[in-house]
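For reference, the structure is listed below as structure tokens.
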Amino acid sequence: MLQILLNSIVYASEIAVIAVGISLAYSVVRFANFAHIQYAVLGGYFTYAARGLGLGFPVATAISAVLTGLVAIIVERLVFHPLRGLRPEAKMIASWGVALAFRSGVAAVFGGAARVFDVETDTYLLGDAVITSLDLAVVATTIAAMVVLQLLLYRTRIGTGLRALADNRDLAATRGIPPDRLTALMWFLAGAFAALGGTLFALETRLQPDMDLQILLPVFAAVTIGGLSSIAGAVAGACILSLAQNIAIGVDFGAVLSSRSWFLPSQFRDTIAVAAMVLVLCFRPRQLRSGGVR
Amino acid sequence: MQRFIHSMVGAGAVALAFLSSGAQAQSKEPIPIGVIANLTGMDVKTSTDMVRGIQIAADAVNKDGGVDGQPIKLIIEDAQYKTQEALNAATKLYDVDKVPAVIMFGGSSIELAVAPIAKQKGKIIVNTSSSSAKLGDFPGTVYSVLPLDDIVGKALGEWTAAQGVKSAAFVVPNNTFGTGLMDAAATAFEAKGGKIVAKIAYSEGQPDYRADIQQLVSSKPDAIMTTGYGDDSRTIFKDARTLGLKQVWYAGYPSILTVENEAWMNGHLMGVDNGGLSGDVAKKVGADYAAKFGKEEPLPHVFYGYDALMLIARAAAAPGGFSATTMAKSIDGYQGATGAIKWDVRGQRIDPPIDVISYKDGKFVTTGQQ
Amino acid sequence: MLDFLVFAVTMIAIWSVVALSLDLQFGLCGLVNFGQILPFALGAYGPAISAAHGGSISAGLALGLAMAAVGGVLVLAPVGRLSQDYWALVSLGASEIFRLLMVNVTPIAGGQDGTAVARVSNPLAALGLALGLLLAMLLLARRIDRSPLGRLMRVLREDDLLVATLGRNPFRVQALVTVVAWLMAALAGALYAHVVGFVAPSSFSVAETFIVWTALILGGAGSLLGAVVGTAFVQFISVSTRFLAAWSGLPFDLVANLRLGIFGVVLVLVFLLRREGLVPERKVRVDAVGP
Numbered sequence: 001m002l003q004i005l006l007n008s009i010v011y012a013s014e015i016a017v018i019a020v021g022i023s024l025a026y027s028v029v030r031f032a033n034f035a036h037i038q039y040a041v042l043g044g045y046f047t048y049a050a051r052g053l054g055l056g057f058p059v060a061t062a063i064s065a066v067l068t069g070l071v072a073i074i075v076e077r078l079v080f081h082p083l084r085g086l087r088p089e090a091k092m093i094a095s096w097g098v099a100l101a102f103r104s105g106v107a108a109v110f111g112g113a114a115r116v117f118d119v120e121t122d123t124y125l126l127g128d129a130v131i132t133s134l135d136l137a138v139v140a141t142t143i144a145a146m147v148v149l150q151l152l153l154y155r156t157r158i159g160t161g162l163r164a165l166a167d168n169r170d171l172a173a174t175r176g177i178p179p180d181r182l183t184a185l186m187w188f189l190a191g192a193f194a195a196l197g198g199t200l201f202a203l204e205t206r207l208q209p210d211m212d213l214q215i216l217l218p219v220f221a222a223v224t225i226g227g228l229s230s231i232a233g234a235v236a237g238a239c240i241l242s243l244a245q246n247i248a249i250g251v252d253f254g255a256v257l258s259s260r261s262w263f264l265p266s267q268f269r270d271t272i273a274v275a276a277m278v279l280v281l282c283f284r285p286r287q288l289r290s291g292g293v294r
Numbered sequence: 001m002q003r004f005i006h007s008m009v010g011a012g013a014v015a016l017a018f019l020s021s022g023a024q025a026q027s028k029e030p031i032p033i034g035v036i037a038n039l040t041g042m043d044v045k046t047s048t049d050m051v052r053g054i055q056i057a058a059d060a061v062n063k064d065g066g067v068d069g070q071p072i073k074l075i076i077e078d079a080q081y082k083t084q085e086a087l088n089a090a091t092k093l094y095d096v097d098k099v100p101a102v103i104m105f106g107g108s109s110i111e112l113a114v115a116p117i118a119k120q121k122g123k124i125i126v127n128t129s130s131s132s133a134k135l136g137d138f139p140g141t142v143y144s145v146l147p148l149d150d151i152v153g154k155a156l157g158e159w160t161a162a163q164g165v166k167s168a169a170f171v172v173p174n175n176t177f178g179t180g181l182m183d184a185a186a187t188a189f190e191a192k193g194g195k196i197v198a199k200i201a202y203s204e205g206q207p208d209y210r211a212d213i214q215q216l217v218s219s220k221p222d223a224i225m226t227t228g229y230g231d232d233s234r235t236i237f238k239d240a241r242t243l244g245l246k247q248v249w250y251a252g253y254p255s256i257l258t259v260e261n262e263a264w265m266n267g268h269l270m271g272v273d274n275g276g277l278s279g280d281v282a283k284k285v286g287a288d289y290a291a292k293f294g295k296e297e298p299l300p301h302v303f304y305g306y307d308a309l310m311l312i313a314r315a316a317a318a319p320g321g322f323s324a325t326t327m328a329k330s331i332d333g334y335q336g337a338t339g340a341i342k343w344d345v346r347g348q349r350i351d352p353p354i355d356v357i358s359y360k361d362g363k364f365v366t367t368g369q370q
Numbered sequence: 001m002l003d004f005l006v007f008a009v010t011m012i013a014i015w016s017v018v019a020l021s022l023d024l025q026f027g028l029c030g031l032v033n034f035g036q037i038l039p040f041a042l043g044a045y046g047p048a049i050s051a052a053h054g055g056s057i058s059a060g061l062a063l064g065l066a067m068a069a070v071g072g073v074l075v076l077a078p079v080g081r082l083s084q085d086y087w088a089l090v091s092l093g094a095s096e097i098f099r100l101l102m103v104n105v106t107p108i109a110g111g112q113d114g115t116a117v118a119r120v121s122n123p124l125a126a127l128g129l130a131l132g133l134l135l136a137m138l139l140l141a142r143r144i145d146r147s148p149l150g151r152l153m154r155v156l157r158e159d160d161l162l163v164a165t166l167g168r169n170p171f172r173v174q175a176l177v178t179v180v181a182w183l184m185a186a187l188a189g190a191l192y193a194h195v196v197g198f199v200a201p202s203s204f205s206v207a208e209t210f211i212v213w214t215a216l217i218l219g220g221a222g223s224l225l226g227a228v229v230g231t232a233f234v235q236f237i238s239v240s241t242r243f244l245a246a247w248s249g250l251p252f253d254l255v256a257n258l259r260l261g262i263f264g265v266v267l268v269l270v271f272l273l274r275r276e277g278l279v280p281e282r283k284v285r286v287d288a289v290g291p
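Residue numbers (full-length UniProt numbering), protein chains in the order written: chain A, 1 to 294; chain P, 1 to 370; chain C, 1 to 291.
Structure below.
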């Protein structure tokens with residue numbers, strides 16, 4: 001049981017860092033950005049490339065975060081800004097186009113085969129549960145990233161501006177907050193967090209151009225469970241989702257009912273993520289019609 | 001006027017001479033050969049390596065003057081691991097490029113969809129990767145250079161039991177290849193008195209397999225029997241290592257697995273494989289691969305791809321040219337990168353040489369034949 | 001050359017029906033279905049499930065259509081409670097749940113490896129069936145488009161409250177459109193299964209949904225002809241780039257990736273440069289007539 005809990009925390013950490021970026025963007029520009037998943041993949045590859053130049057992990061990840069943040073700003077200027085007058089659905093569709101182009105671009109540059117980060121891990125035993133030094137590093141990084149984001153949003157002028165922008169764009173503009181610059185900053189943050197999350201995900205698994213599909217479902221499920229525009233909600237969503245998934249595939253249901261061991265095959269992990277999202281959406285008491293929490 | 005006609009004729013003659021000399025310099029008309037592989041989507045690395053093997057073989061044939069002076073021209077198409085795209089690629093190759101044969105990499109959803117069309121058109125498919133027994137339903141159309149799973153599976157089960165292993169758990173990919181090998185190995189292993197304590201068939205392309213491996217840990221087997229491809233097998237090994245597994249891995253086709261950590265795996269991975277990979281031809285192909293594509297370690301698919309093209313070239317060079325008949329005879333006396341090849345009446349590879357392979361000090365070594 | 005063209009046109013006709021189905025849902029009714037591949041997959045899995053269990057072709061067709069009609073209503077059920085971007089995620093999730101089930105539950109229809117179904121072996125017969133289906137579906141869609149229902153759908157697209165004030169139940173309009181549109185896509189899926197001769201989950205991924213979306217946006221959402229033109233264009237890109245690939249002389253894996261990237265670039269460019277699509281929706285002007 002402890003193992004299930006540990007697995008849940010590690011997986012939730014990988015998902016949460018990517019998920020908060022989607023929420024952040026949604027709260028300001030009001031559409032679910034599919035290209036965000038590609039920012040995560042791109043970030044993973046940037047880190048890999050920077051590692052290839054002989055840089056250490058912290059430096060490589062920082063460079064990757066900055067680069068991906070800039071990419072997110074460029075995409076905003078070239079695509080989303082000109083489309084700002086359209087309905088959210090239209091922007092969602094356009095964001096898928098961006099994602100598709102990025103995906104092929106990554107595969108064209110780095111090749112279709114998987115790549116793996118070289119990390120030496122130590123294994124620790126907690127009773128009969130196992131955790132690795134890499135797991136601990138991933139969880140610690142995630143917590144640190146969340147604290148930084150929280151401080152940024154609630155303890156700085158920029159954060160106040162961003163939250164004002166998310167609450168009411170017009171009002172924020174009349175108060176003299178430059179919305180375009182703040183939006184650009186928001187995209188930078190979203191891109192940087194995606195890069196960090198993508199790097200953590202790739203560290204625990206591997207890098208490959210089609211890893212976007214492995215990230216897409218759980219991340220969007222987490223964000224949706226949390227209510228799309230709430231950053232704390234995205235983190236909570238990631239935790240709930242991860243716990244649900246790991247319990248479903250980690251508990252020996254056979255032993256509960258009979259003497260024979262039976263597990264739900266782990267390939268149903270994504271099915272559980274999606275089903276959880278659909279169920280939460282269908283049975284959520286709060287009305288979600290007006291496009292998220294305000 | 002007459003001068004004009006003269007000059008026209010003269011110019012025409014010059015042009016004609018130029019054209020014909022150009023044609024001569026290009027030697028004879030090339031023979032087009034099609035390749036269909038998953039260059040995007042799933043199984044990209046294995047597909048790519050198969051294509052590279054084919055390219056190495058084509059280069060070798062063309063360097064030796066081609067097939068009776070005709071060079072081989074490869075036309076490589078992407079199937080995206082999708083049936084419709086495989087059919088698009090196949091109709092293009094057969095109808096537009098007029099290839100007599102296509103070398104295919106892909107699961108059965110790719111190859112079994114193309115096979116009826118090839119049969120209808122009287123063309124050939126050389127299969128390098130799918131081990132579905134249904135491919136045998138197209139005799140005269142489909143030829144496999146990859147042996148059927150049950151042969152290697154049976155050898156694996158018997159050999160593992162012979163090593164004194166009493167109980168084993170299976171970890172295989174959840175597809176015809178994985179479960180087919182598992183069933184054959186399990187039957188053979190149990191027939192020799194072994195006990196199967198867990199059968200885990202994992203879905204390909206998952207981010208991690210911790211939950212699967214944890215189930216395996218709790219079943220406490222003496223040893224683990226496995227097979228699988230590159231990236232997924234690497235993730236399996238990584239999760240097994242971090243979860244503290246110490247058992248020995250007995251594998252079908254150990255050479256297609258990707259070892260994740262040399263030190264941990266040293267002496268802990270062995271199994272039975274299609275033989276010949278330790279032979280001279282394979283060594284030469286491996287050297288060509290290193291020369292052409294750098295230091296990346298070649299997957300065995302390179303060798304299957306190489307043999308597929310070599311057999312087609314042999315069939316084309318036979319008296320009467322390329323046909324189903326010459327294709328069927330192309331294996332006579334052929335010693336390939338994957339050893340000697342023998343086909344049954346259904347075009348499926350039988351009696352492959354079986355090697356016993358161990359992983360030691362960072363590489364696979366052949367320790368014996370079975 | 002001929003067979004190749006015949007197969008390409010057959011595929012254009014089949015996918016045009018899928019785009020047409022999406023056009024009814026999104027172009028006319030405003031439903032953002034990000035799981036458009038699901039009705040197509042259900043239609044294709046009818047024959048596949050039937051074949052895997054020894055059933056007949058007609059049983060497979062009936063099964064596919066029934067699954068699509070039921071599936072459509074199920075997926076639509078929460079639409080009233082959600083804004084369109086949430087519902088889009090629900091529909092996307094539903095299509096992935098189905099695909100993952102087909103991948104992982106092998107007894108249904110062969111799992112990842114799929115199932116062979118009876119194939120229309122004459123390419124011309126397949127082409128005839130596909131064109132016949134497309135024509136019938138175009139006529140049906142045109143009829144809906146020009147009917148009072150079509151006008152009501154357009155009103156619903158712009159403002160569902162307005163529909164309610166007109167005394168109509170928005171959900172019932174949406175449900176009717178969904179069932180009709182999903183049956184259309186399911187018919188296309190069933191035909192696809194029998195033309196291709198093999199049904200496997202990899203043919204029904206999220207990527208396929210967005211190729212249909214690219215076709216629809218490119219052709220012009222809300223325009224029936226646009227759905228066909230857009231599909232033809234997208235399939236043309238897909239097929240013609242195979243020839244460019246050989247001509248370009250670039251490494252084979254690079255070309256394969258660039259081919260797929262084109263779809264994304266086209267989708268974005270249409271949004272930026274020609275938002276109304278190649279064949280813009282015709283403007284309907286209805287003057288109030290009489291009291």
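Glycine residues also receive a C-beta, built at the ideal position from the N, C-alpha and C atoms.
Contacts of residue i in chain A (Cβ-Cβ under 9 Å)
i, result
"N174/P", "P265, Q267"
"G244/P", "T123, L125, V130"
Alpha-carbon to alpha-carbon, residue j and residue i
i, j, result
"G191/A", "Y39/A", "6 Å"
"Q24/P", "L244/C", "Any reading at Q24/P needs caution, since the residue's pLDDT is 40, under 50, leaving its predicted position unreliable; the model's value is listed next. Near 27 Å, if we compare the C-alpha coordinates of L244/C and Q24/P."
"V59/A", "A195/A", "13 Å"
"G254/A", "P173/P", "22 Å"
"G41/P", "G114/C", "17 Å"
"H144/A", "M211/A", "The residue you asked about is not His; residue 144/A is Ala in the sequence shown. Between A144/A and M211/A, the C-alpha separation is close to 25 Å."
"G321/P", "V67/P", "10 Å"
"I158/A", "H268/P", "56 Å"
"E14/A", "F105/P", "34 Å"
"Q214/A", "F293/P", "30 Å"
Terminal residues of the alpha helix (DSSP H) in which residue i lies
i, result
"D97/P", "Careful: D97/P lies outside any alpha helix (DSSP H) and carries neither H nor E."
"N7/A", "2-29"
"F236/C", "224-248"
"I151/P", "149-162"
"G132/C", "123-146"
"P58/A", "57-75"
"S233/P", "230-242"
Chain-ordered chain C contacts of residue i [CB-CB under 7 Å]
i, result
"E158/P", "Simply none; closest approach about 27 Å."
"G178/P", "Those within 7 Å of G178/P in chain C number zero; the least Cβ separation is about 10 Å."
7 Å Cβ cut-off: residues of chain P touching residue i
i, result
"residue 298/A", "Lying outside 1 to 294, the shown extent of chain A, residue 298/A is not represented and no answer is given."
DSSP bridge partner residues for residue i (one or two, in chain order)
i, result
"K220/P", "None; K220/P has no bridge partner."
Contact list for residue i against chain P, beta-carbon separation under 8 Å
i, result
"Q3/A", "Q214"
"F7/C", "L87, N88, T91"
Under 9 Å from the C-beta of residue i: neighbouring residues of chain P
i, result
"Q214/A", "G205, Q206, P207"
Unbroken beta strand (DSSP E) run spanning residue i, endpoints
i, result
"T366/P", "363-369"
(request) Report yes or no: do the stretch 53-67 of chain C and the stretch 236-250 of chain A share at least 3 C-beta pairs separated by less than 8 Å? (result) In this structure the stretch 53-67 of chain C does not lie against the stretch 236-250 of chain A, because fewer than three pairs of beta carbons, one per stretch, are closer than 8 Å.
(message) Taking contact to mean 3 or more Cβ pairs, one atom from each stretch, closer than 8 Å, check whether the stretch 322-342 of chain P and the stretch 242-260 of chain P are in contact.
(response) no
(request) Specify whether the stretch 113-131 of chain P and the stretch 277-296 of chain P touch according to this definition: at least 3 beta carbon pairs, one from each stretch, less than 8 Å apart. (result) no
(message) Measuring CB atoms only, is the stretch 120-135 of chain C touching the stretch 100-112 of chain C, in the sense that at least three cross pairs come out at less than 8 Å?
(response) no
(message) Across the stretch 144-153 of chain C and the stretch 196-214 of chain P, are there enough close Cβ pairs to call them in contact, namely three or more that are closer than 8 Å?
(response) no
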